[in-house]
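Protein chains in written order, with our numbering: chain A, 1 to 313; chain B, 1 to 112; chain C, 1 to 124. We put the CB at the ideal spot given by N, CA and C, even for glycine. Model, not experiment: these values are computed from the prediction. Heads up, the thing below is written out as structure tokens.
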């Protein structure tokens, strides 16, 4: 007789809530960020428990570069609280507000309609038209293609926004947020050994994403993490923002998606529709371009805005 | 089939015990380097036992190979990060003040 | 209570904790973490809904909310990166302003009067 599988969920829930409270309350920003990285890993396990393997892979792959991004920021920003601690009446007031929000959401969760409405059958019915066996991939690239297209445009816009935050004098320079004076030899070794493996796993995630959990986002996030690792160990440097190749890599995904979508108006009677005979190759093309652009965009987002070389004594 | 399940349960339980021991070490050991040591033990041996236990359940050949690759990757990354943490502790000085050491070790736990 | 409901409640709790952190966090970086916690809580509620729908429809999880969460995660990362860049830049600008004011002070009151804007940025 096996114990109730729900027993595995309770510790995860308690760990998430305890970590969340701790990382709001703890003293040092750096500890909070490391706690947040651990939190992300637990959330990835929770996604597995919820049966959403595609989301679990995305969460785990993004968690690593998120931790890197925030840790580098904490190192540059220092650790001082920016202002006096809030007064007790204010804390109580905000606490009540947050409690009310939580209570409202909890009521919503507990009164969800029964039987649960879902689109599983609708997706399964149309899925054969996309030649993809992974329903999540079919939703991303075909049924909700507009969302995915806009999302890749948002990534490109975020990089443009990030670049424009740099100092005026630094425009055209390369990003330097990941630069360190002397990378640890162990880090250099890791940055030599891990990226080849990461490249293989990334391509595998992209390729297998058609039929199994995985896909352009997961693969792109993993590839971006490998690139960031190489930059962190100073085995390579981020390209200067005036580099044309970088810009092409950044925009290729949205552009290919957009052009194929527009071609659909002529060839398949609707924007973002694919002609039947070419569905699979077109989807593959879109996803390959998307993987590349997601990887470029995420790596550039970690690398930070363009900056002048630091004139430190 | 049932023997494979027993094998898995025994080895994964043993691995979980190593993780528990590593956690106790992380919480109780007095200084950062010993805490790091406890953590590495848990990582390498605990995960090794869990992986070997799960091999009995994995599909041949790709499931098995993926599990082994996973273990090797964790050993590589665990070794490298352990080295880096120890290097950072060394660079911070031979006798840092007690509460700072505590922080560093807790941080080390947080990265796993 | 089903596992999906349990995680849904967990998500509700995380939104509350994250909101508190986003309003009253000790530093800007901590408020950003709180904001991310809020997002994570919302995604978990999505996950609970997807799990319920999936089980009702004969699959592990409803693919449509899953796809939305995946795009949401990537956009949340992009927003965080942008916010971090703004924070770092803000700190640098403040430091420059502070250094300019510090340089102006020893030269006496005439120097401070000659550069009133450095006082303005320092106080801001």
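Between the segment 73-85 of chain B and chain A, which residues of the former have a C-beta closer than 9 Å to a C-beta of the latter?
73, 76, 77, 79, 80, 81, 82, 83, 84
Whose C-alpha, out of 27(A), 98(A), 66(A), 42(A), is nearest the C-alpha of residue 82(A)?
27(A)
Option in 87(B), 89(B), 79(B) with minimal Cα separation from residue 41(B):
79(B)
Taking only the alpha-carbon atoms, compute the straight-line gap between residue 42(A) and residue 154(A) and give it to the nearest angstrom.
27 Å
In chain B, what lies closer than 7 Å to residue 14(A) by C-beta?
Residues of chain B passing the Cβ test: none, with the nearest at roughly 15 Å.
Determine the contact status of residue 264(A) and residue 277(A), defining contact as a CB-CB distance below 7 Å.
no
Find the nearest neighbour of residue 42(C) within the set 99(C), 76(C), 80(C), 92(C), judged by alpha-carbon distance.
76(C)
Quick one: list the residues of chain C neighbouring residue 76(A), beta-carbon separation under 8 Å, in chain order.
88, 91
Between residue 98(C) and chain A, is there a C-beta pair that is closer than 7 Å?
no
Alpha helix (DSSP H) containing residue 63(C): first to last residue?
63-104
Would you mind stating whether residue 9(A) and residue 3(C) have Cβ atoms separated by less than 7 Å?
yes
Within 10 Å of its beta-carbon, does residue 213(A) have 16 or more other beta-carbons around it, so buried, or fewer, so exposed?
buried
Across the segment 44-64 of chain A and the segment 215-231 of chain A, are there enough close Cβ pairs to call them in contact, namely three or more that are closer than 8 Å?
yes
7 Å Cβ cutoff, residue 261(A) in contact with chain C
no
If contact is defined by three or more beta carbon pairs under 8 Å, each pair taking one atom from either stretch, is the segment 169-183 of chain A in contact with the segment 246-253 of chain A?
no
Exposure of residue 133(A), with buried meaning 16 or more beta-carbon neighbours within 10 Å
exposed
Residues of the segment 24-37 of chain C in Cβ contact with chain A at a cutoff of 9 Å, in chain order, please.
24, 25, 26, 27, 28, 29, 30, 32, 33, 34, 36, 37
Minimum length 4: unbroken alpha helix (DSSP H) runs contained in the segment 46-89 of chain A:
53-77
Mapping the DSSP letters down to three states, classify residue 281(A) as helix, strand or coil.
helix
Spatially closest choice to residue 84(A) from 26(C), 10(C), 6(C), by CA coordinates:
26(C)
DSSP has residue 175(A) in a bridge; who is on the other side?
306(A)
For residue 117(A), which of helix, strand or coil comes out of DSSP?
coil
Alpha helix (DSSP H) containing residue 192(A): first to last residue?
185-208
What span of residues does the alpha helix (DSSP H) with residue 64(B) cover, start to end?
62-91
For the alpha helix (DSSP H) that contains residue 56(C), what are its first and last residues?
28-57
CA-CA distance, residue 29(A) and residue 68(A)?
13 Å
Top-ranked residue by Cα proximity to residue 14(B), from 75(B), 50(B), 84(B)
50(B)
Name the chain C residues whose beta carbon is nearer than 8 Å to that of residue 287(A)?
Result: empty, since nearest Cβ-Cβ is about 13 Å, beyond 8 Å.
Tell me the residue span of the alpha helix (DSSP H) that contains residue 135(A).
135-138
Apart from the five residues just before and just after residue 7(C), which ones in its own chain have a Cβ nearer than 6 Å to its Cβ?
44, 48
Between residue 47(A) and the rest of its own chain, which residues show a CB-CB distance below 7 Å, the 5 nearest in sequence each way excluded?
55, 56, 59
Endpoints, the alpha helix (DSSP H) within which residue 232(A) is located:
216-232
Which of the three DSSP states is assigned to residue 6(B) in this structure?
helix
Please decide whether residue 186(A) counts as near chain B, where near means a Cβ-Cβ distance under 7 Å.
yes
Counting Cβ pairs closer than 8 Å, one from the segment 30-39 of chain C and one from the segment 8-18 of chain C, do we hit at least three?
yes
In angstroms, rounded to a whole number, what distance separates the CA positions of residue 55(C) and residue 61(C)?
7 Å
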